[in-house]
Amino acid sequence: MGEEPATARLTRPTAIILFGSPGSGKGTQSKYLVEWLRIPQISTGDMLREHIRAGDAIGLAIQERMRAGSLVSDELVNQLVLERIHKPDATGGFIFDGYPRTPAQAEAMLRLLSGVGAGEVVIHLIVDYNVIIARISGRRACPKCGTLYNCVSRPPKVEGVCDLDGAPLVIRDDDREEVVRERLAQYERQTQPLIEFFRAVTDRLIEVDASRDRPEAVFERIKSELKDLVRA
Ligand SMILES: [Zn+2]
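The sequence shown begins at 385 in the numbering used here and counts up by one.
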């Protein structure tokens, strides 16, 4: 313990593309990777919102499309990504968040990466949906103070009652089993074609089971899968 360095460096510029369903701990793994490799997380959603906030030409174009009820074009998203990965903090590598969303975007992304001499690693956090559903639908919340509980992993001292103020606990709408199932199904519809695309075109697809172990243990497995791409 404590012998392993807390940070490492990618040996060549690399894009990390992380896929994980709701409840897979994707956000946590992404944060761990950012800290470990000291690379930025690039969120296309954040970039689009920034342009809208700034009210610049791109922002106005985005708003116009959204007002017309259409999606932001792949072309624009790819252009934003290309600009972003040229910034100094991204020269060593970066993690994509919310990108690519379609096989067409993925194809464009690979062209874009090879254009800047960057490689790619796709990490797929595999989960057993039954485990996720049990975990999420076990969540309970206190409507009074907002404290979260879990029937299995973090039960209140007295069943159904908040430890802090005694209020009866509730299930939030987002945590209802049918809502969770629908979100998982939606994730699957969107992501499966992307995973299949990457399986066919890259030898850097890493699949890690993330449904049972603690996030730290999942991250250790990710690190060991990446070991030939980094140095301390
Ligand atoms: Zn409470």
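Positions of the beta carbon are idealized from the N, C-alpha and C atoms, including for glycine.
Check                                                                                                                                                      : Outcome
Is the beta carbon of Leu402 closer than 7 Å to that of Ile507?                                                                                            : yes
Can you tell me the Cα-Cα spacing of Val500 and Pro487, whole angstroms?                                                                                   : 20 Å
Going along the chain, which residues of its own chain have a beta-carbon closer than 6 Å to the beta-carbon of Ile409, five neighbours each way excluded? : Checking the displayed sequence, the identity of residue 409 turns out to be Gly instead of Ile. Taken in chain order, the residues that qualify are Ala594 and Pro599.
Roughly how many whole angstroms lie between the Cα atoms of Pro527 and Glu561?                                                                            : 19 Å
Just to confirm, is the Cβ distance from Ala474 to Pro424 under 7 Å?                                                                                       : yes
Measure the alpha-carbon distance for Arg635 versus Ile426 and round it to whole angstroms.                                                                : Absent from the structure is residue 635, since the part of the chain shown begins at 385 and ends at 616.
Compare the C-alpha of Ile516 against each of Ser405, Thr391 and Arg393 and name the closest.                                                              : Ser405
For Arg523, which residues in the same chain have their Cβ closer than 6 Å to its Cβ, ignoring the five residues on either side in sequence?               : Asn534 and Asp559
I need the boundaries of the alpha helix (DSSP H) containing Asp597, first residue and last residue.                                                       : No alpha helix (DSSP H) holds Asp597; DSSP gives it neither H nor E.
Check Val589 in the structure and name its three-state DSSP category.                                                                                      : Here the sequence assigns Leu to residue 589, which means Val is not the residue at that position. Three-state DSSP puts Leu589 in a strand.
Is it the case that the Cβ atoms of Thr395 and Arg422 are separated by a distance below 7 Å?                                                               : no
Assuming Ile590 and Val505 are in contact, meaning their beta carbons sit under 8 Å apart, how far apart are those beta carbons, in whole angstroms?       : 7 Å
Which two residues bound the contiguous alpha helix (DSSP H) that contains Leu610?                                                                         : First-last for Leu610: undefined, no H or E at that position.
Is it buried or exposed for Leu509, if we count other Cβ within 10 angstroms and need 16 for buried?                                                       : buried
Between Thr575 and ligand 1, is there a pair consisting of the residue's CB and a ligand heavy atom that are separated by less than 6 Å?                   : no
What number of angstroms, rounded off, separates the C-alpha of Glu448 from the C-alpha of Ala438?                                                         : 15 Å
Would you mind stating whether Ile479 and Leu417 have Cβ atoms separated by less than 7 Å?                                                                 : yes
Taking Val506 as part of the beta strand (DSSP E), name the residues at either end of that continuous run.                                                 : Gly503 to Ile510
Hey, Leu553 and Val545 are a contact pair by Cβ (cut 8 Å); roughly how many whole angstroms apart?                                                         : 7 Å
On the CB-based measure, 16 or more other CB atoms within 10 Å of its CB, does Asn462 come out buried or exposed?                                          : buried
Report the three-state DSSP secondary structure of Gly477 (helix, strand or coil).                                                                         : strand
Using only alpha-carbon positions, find the residue among Val614, Ser521, Gly429 and Asn514 that is nearest to Leu455.                                     : Gly429
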